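In what follows, a structure is listed as structure tokens, so that the remarks can point back to it.
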Amino acid sequence: MFCAAFSQFHGNLRSTLISLLALLPALALADEKSTANTTTGLLPLEELRTFTRVYDHVRSGYVDDISDAQLLEYAIKGMIAELDPHSAYLDKEAFADLQANTSGEFGGVGLEVSLDDGYVKVVTPIDDSPSAKAGILAGDIVVRIDDKPVKGMDLNKAVNLMRGPKNSPIKITVMRDGVDQPIDFDLLRDIIKVQSVRTRLLEQDYFYIRIAQFQLDTGKEMGKKIQDQLKKNQDTKGIILDLRNNPGGVLQASVEVVDAFLDGGQVVYTQGRLDNSNISYNAEAGDITGGLPLVVLINDGSASASEIVAGALQDHKRAIIMGTRSFGKGSVQSVIPISNDRAVKLTTALYYTPNGRSIQAQGIEPDVEVERVQVAAIAQNSGVTEADLARHLGNGKGGKESTSKERANRRITSAELLQEDNQLHEALNLLKGLNIFLQSSPLAKSTETQPEIAPDIVLQPSLDEPVQDQ
């Protein structure tokens with residue numbers, strides 16, 4: 102029957118598809134072991150007949166000639182696209198783009214986007230990319246790309262329109278909440294090299310870590326930077342981990358980042374219909390920071406792996422989460438190759454924090470909510486002291502007198518931090534307050550008089566070991 106139906110494919114498409122579809126239950130029985138947990142019954146024949154009728158009408162009557170292969174690809178894309186915003190059929194080009202994103206280098210404008218009710222929504226602009234420098238914000242809705250409307254456009258197609266050679270011009274038009282008119286951004290494409298981990302010191306004793314995206318080596322790289330900092334400065338008083346506008350990335354990398362700050366315990370677990378979707382990820386013993394105070398910054402551009410990190414550290418009461426509620430992308434996508442150059446990205450599970458909270462559509466609520474605001478210049482409001490007056494007297498004690506330039510630099514550093522990033526400024530103040538509290542608490546005083554019971558800070562080497570890809 103199969104051979105006869107196959108020979109009539111071009112002559113009678115409908116009967117061919119029905120014959121092929123009739124074989125599917127038999128094929129499913131042949132693979133019963135692998136599908137026993139997901140197959141709940143036979144395929145609905147009436148719906149399959151409807152599909153073949155529609156297919157036959159489109160193939161024979163559509164105004165333009167269209168191949169069977171193209172129609173079937175459209176059908177596959179439509180089937181996957183209707184599931185949720187994150188599932189997708191990846192053709193050759195889209196599959197290659199996904200692999201480029203994971204490795205951390207690709208060409209374009211540097212926007213992480215998702216599909217939201219037919220609209221292309223900005224999850225976050227990537228650090229130092231053309232879109233970030235131009236001022237495109239998380240939550241903006243892309244309405245036109247080079248004056249082409251994108252409403253209802255396939256997400257992969259919209260992403261491909263934004264890709265292009267370095268220095269080639271592109272116009273992105275967005276709608277922004279609270280702004281009545283569309284906003285045009287004229288950009289030049291660039292090679293987007295995502296530097297996953299960046300660090301710097303804040304006021305000497307406070308260590309700032311920025312993770313822009315979770316890549317394969319993010320956990321190992323961050324762990325090494327922390328260990329190097331603690332070796333150089335054993336008086337480090339606290340750490341700020343900045344996950345704002347981090348769209349996520351490799352799950353295992355987020356687990357390794359949490360592992361660096363925990364002394365064991367569960368990091369995250371996933372639940373789905375497949376047996377291999379039900380997994381628990383756990384931290385190994387050894388907090389490489391020795392329990393240093395930790396503040397984690399998040400916002401509505403923090404998604405997926407970023408939310409795993411924030412949720413785990415919050416549930417373990419290891420960090421104070423500050424900022425605004427995160428994006429709420431708590432689903433797991435498995436990339437399933439179906440040929441050498443094509444794949445299906447399918448949502449197969451949901452993430453849950455150690456306390457059993459689902460991140461999906463809820464996000465992580467910060468412990469301390471701090472909105473991002475533009476702070477007016479404060480230099481004009483700076484108070485004037487005696488030391489600022491011309492020909493002021495010295496202090497008469499013989500101590501070294503600070504120069505006006507040195508004093509100005511100290512004030513500018515604090516003022517610039519406040520003006521540039523009020524959330525980071527508040528995180529730093531919180532760490533300072535925590536240190537004052539810890540130093541003045543009875544527990545701190547008792548450990549000072551009993552050094553024999555004070556725990557040693559041991560720098561665990563685990564994150565220097567090769568990371569096994571999962």
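Residues 102 to 571 in the working numbering are what the sequence shown lists, from first letter to last.
A virtual CB, placed ideally from N, CA and C, is assigned to each residue, including glycine.
Values in this document were obtained by computation on a predicted structure and should not be read as measured data.
Query, Result
"Between the Cα of V469 and the Cα atoms of I422, L532, N441, which residue gives the shortest distance?", "I422"
"I need the straight-line Cα distance from A233 to L344, nearest angstrom please.", "16 Å"
"Helix, strand or coil, according to DSSP, for V358 in the structure here?", "helix"
"Just the Cα atoms here: how many angstroms apart are L331 and D198?", "38 Å"
"So, under 8 Å CB-CB, G253 and G209 are touching, yes? Tell me the CB distance rounded to an integer number of Å.", "Not quite, the Cβ-Cβ distance comes to about 21 Å (not below 8 Å), so this is no contact."
"Measure the beta-carbon distance from V251 to V223 and round it to whole angstroms, keeping in mind my assumption that it falls under 8 Å.", "No, V251 and V223 are not in contact; Cβ-Cβ is about 12 Å, not under 8 Å."
"Taking only runs of the beta strand (DSSP E) that begin and end inside the region 389–425, which ones reach a length of at least 3 residues, in chain order?", "395–399, 421–424"
"Reducing DSSP to helix, strand and coil, say where R301 ends up.", "strand"
"Smallest Cα separation from I380: which of P455, G219, D416, K294?", "P455"
"Assuming D343 is part of the alpha helix (DSSP H), what are its boundary residues?", "D343 -> not in any alpha helix (DSSP H); beta strand (DSSP E) instead, spanning 339–343."
"Rounded to a whole number of angstroms, what is the C-alpha to C-alpha distance between K193 and I292?", "21 Å"
"Among residues of its own chain, excluding the 5 on either side of S361, which ones have a beta-carbon nearer than 8 Å to its beta-carbon?", "A quick correction: the sequence has Ala, not Ser, at residue 361. G320, M323, G324, I327, D388, I389, T390, L564."
"Could you pull out every residue in the same chain whose Cβ sits closer than 6 Å to the Cβ of R301, ignoring the five residues on either side in sequence?", "Y309"
"Does D376 come out as helix, strand or coil in the three-state DSSP assignment?", "helix"
"Within 10 angstroms of the Cβ of T151, are there 16 or more other Cβ atoms? Answer buried if so, exposed if not.", "exposed"
"Can you grab the Cα-Cα spacing for the pair S541 / L529, in whole Å?", "19 Å"
"Taking K533 as the reference, give the member of T337, S407, R426, D248 with the closest Cα.", "T337"
"Whole alpha helix (DSSP H) runs in the region 299–334 with 4 or more residues, listed along the chain?", "319–333"
"Taking the Cβ atom as the reference point for each residue, do V359 and V410 lie within a distance shorter than 8 Å?", "yes"
"Enumerate, from N- to C-terminal direction, the unbroken beta strand (DSSP E) stretches of 3 or more residues contained entirely within the region 214–242.", "220–226"
"When you compare only the Cα positions, how much space is there between P348 and D185?", "17 Å"
"When DSSP labels each residue in this structure, what does T371 get in the three-state scheme?", "strand"
"In the structure shown, what three-state DSSP assignment does D470 receive?", "The residue you asked about is not Asp; residue 470 is Glu in the sequence shown. Here E470 sits in strand by DSSP."
"Distance, Cα to Cα, N536 vs L212?", "38 Å"
"Tell me where the beta strand (DSSP E) around A450 begins and ends.", "444–453"
"Enumerate in chain order the residues of its own chain whose CB-to-CB distance from L288 is below 8 Å, with the five nearest sequence positions on each side excluded.", "V210, P231, S232, A235, P270, I271, K272, I273"
"Which of the three DSSP states is assigned to D291 in this structure?", "strand"
"Leaving aside the five residues before and after S505 along the sequence, list all residues of the same chain whose C-beta is less than 7 Å from its C-beta, in chain order.", "Unreliable placement is indicated for S505, whose pLDDT of 39 sits below 50; the coordinate value is still reported in the next sentence. Contacts found: none."
"Exposed or buried, which one is R419 when buried takes at least 16 other CB atoms within 10 Å?", "buried"
"Counting pairs of Cβ atoms below 8 Å between the region 310–317 and the region 368–386, do you hit three or more?", "no"
"Taking M254 as part of the alpha helix (DSSP H), name the residues at either end of that continuous run.", "Careful: M254 lies outside any alpha helix (DSSP H) and carries neither H nor E."
"Measuring CB to CB, does G429 end up less than 8 Å from Y452?", "no"
"Is D241 closer than 8 Å to V275 when the C-beta atoms are compared?", "yes"
"What span of residues does the alpha helix (DSSP H) with V159 cover, start to end?", "146–162"
"To the nearest whole angstrom, what separates the beta carbons of L447 and S188, a pair I think is in contact under 8 Å?", "5 Å"
"So Q540 is in the alpha helix (DSSP H); what residue range does that whole segment cover?", "523–541"
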